[in-house]
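K.L.:
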DNA sequence: ATTCTTTATCGTAATATTGCAATATAGAAA
DNA sequence: TTTCTATATTGCAATATTACGATAAAGAAT
C-alpha cells in the first residue's frame, strides 16, 4: 500500500482525522459513554464493564488519551480517567463551523 | 484476531463509531472541507484537488456516503456530492449532550 | 454506432488495527 | 522485604483498511 503521507494533507487535517480515529471503535465510544455515566472514573471499573480483556482496554484508553479525548490522573494505585472537556468543546466548534458555513452556502445543488 | 462482535456493544455505539470512522482519515476530512469550500460540488473536482488516484477518491466518497455524511445526486454525467446537514446536526447534538452531562457532573476528580 | 468523459468496482499488495496471553511495572498492604 | 492489586507493554496472529492499476459501466458528444 502506498501510504498516505502526512504531508499529502495539512497538518490540521491529519490531526483532525486522528481525533475521529480515536472514536472510530465501539469500545472507545463505550468507554466515553461510561466515563460520562459515572462521577468517579477508575480504570478498573471500565475493564469490568467492557467485554474485553484488560490489556485491550488499556490500549483503547491509551488511544483516547493520545487523541486528547480523556485525561488520566494517577491516584495512588489506580488511575482516574476523565473526559477532557476542552476537546469536546473543540469538536463542538468544528461541527458548528461546518454547520455555519453550510448555511451561508448557495443551496441550489443537492 | 477475535473480532469485536457488534453484539458486544449497543447498536447505537456501533453506529456512532461508524460515523467517526468515516472521518478517521485525512483524505476524508479533506473531502469534507473541500465540499464546504465550494458552492457546486462535482466529484471530478475532488479528484483534481486530492493527491490520490481516482479509484481511491471514489472509495473515500463511498465511505462518507455510507456513513451519511455526504449525499450524492446523479447529475447527467457527473455526480454532485454535498455534505448532509442533518448528520452534522446530529454530531453537534452528540457532543453538546456530552458537554451538558459533563457540566452536571461532580467535578471533584481529575 | 462510436468515442469520450466520469465514476464505480475488482484484484491485489502493503500497512494498520485489534485482540489476547504473557509479562513488566509500580504503588499499597502485609 | 514480600505479596497483592492495578495498569501498561510486548509479542504475536487475525482482520481491516488503504492504495493503485486495470477494467467496467453509463450517459454525453460526435
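Residue numbers (this note's numbering), protein chains in the order written: chain A, 1 to 110; chain B, 1 to 110. Glycine is no exception: its CB is placed at the ideal position from the N, C-alpha and C atoms.
Since residue 88 of chain B meets chain A, which of its residues come closer than 8 Å, beta carbon to beta carbon?
P.N.:
Counting from 1 along the second chain, the entry for residue 88 of chain B is found at position 88. Correct list: 95, 98, 99 and 102.
K.L.:
Can you tell which of A/58, A/55 and A/64 has the C-alpha that lies nearest to the C-alpha of residue 88 of chain A?
P.N.:
For the purposes of this step, residue 88 of chain A is identified with residue 88 of the first chain, where counting begins at 1. Here the closest residue by C-alpha is A/64.
K.L.:
From residue 62 of chain A to residue 56 of chain A, what does the alpha carbon distance come to, in whole angstroms?
P.N.:
The count along the first chain starts at 1 and reaches residue 62 of chain A at position 62. The count along the first chain starts at 1 and reaches residue 56 of chain A at position 56. Rounded to whole angstroms, residue 62 of chain A to residue 56 of chain A spans 10 Å at the Cα level.
K.L.:
Taking DSSP as the reference, what is the three-state secondary structure of residue 78 of chain A?
P.N.:
Taking the first chain and counting its residues from 1, one reaches residue 78 of chain A at position 78. Reduced to three states, the DSSP call for residue 78 of chain A is strand.
K.L.:
Check this for me: beta carbons of residue 20 of chain A and residue 20 of chain B, under 8 Å apart or not?
P.N.:
In the first chain, residue 20 of chain A corresponds to position 20, counting from 1. In the second chain, residue 20 of chain B corresponds to position 20, counting from 1. Against a cut-off of 8 Å, the Cβ pair of residue 20 of chain B and residue 20 of chain A comes out as a contact.
K.L.:
Can you tell me whether residue 71 of chain A is helix, strand or coil according to DSSP?
P.N.:
Stepping through the first chain from its first residue, residue 71 of chain A is reached at position 71. Note: residue 71 of chain A maps to strand in three-state DSSP.
K.L.:
Using a Cβ-based criterion (distance less than 7 Å to any ligand heavy atom), does residue 43 of chain A qualify as near the ligand FMN?
P.N.:
Here there are no bound small molecules, and the ligand FMN is not part of this structure.
K.L.:
When you compare the CB positions of residue 83 of chain B and residue 43 of chain B, do they come within less than 8 Å of one another, or not?
P.N.:
Numbered from its first residue, the second chain carries residue 83 of chain B at position 83. Numbered from its first residue, the second chain carries residue 43 of chain B at position 43. Going by C-beta atoms, residue 83 of chain B is not nearer than 8 Å to residue 43 of chain B.
K.L.:
Could you tell me which residues DSSP puts in a beta bridge with residue 42 of chain B?
P.N.:
The residue you call residue 42 of chain B lines up with position 42 of the second chain. DSSP output for residue 42 of chain B lists B/80 as bridge partner(s).
K.L.:
I'd like to check one pair, residue 52 of chain B with residue 27 of chain B: are the Cβ atoms closer than 8 Å?
P.N.:
Numbered from its first residue, the second chain carries residue 27 of chain B at position 27. Numbered from its first residue, the second chain carries residue 52 of chain B at position 52. Yes, the pair counts as a contact, with Cβ atoms nearer than the cut-off.
K.L.:
From residue 98 of chain A to residue 74 of chain B, what does the alpha carbon distance come to, in whole angstroms?
P.N.:
The sequence position of residue 98 of chain A within the first chain is 98, counting from 1. The sequence position of residue 74 of chain B within the second chain is 74, counting from 1. Roughly 24 Å separates the two Cα atoms.
K.L.:
Residue 37 of chain B: buried (16+ other C-beta within 10 angstroms of its C-beta) or exposed?
P.N.:
Along the second chain, read from residue 1 onward, the residue named residue 37 of chain B stands at position 37. Burial call: exposed.
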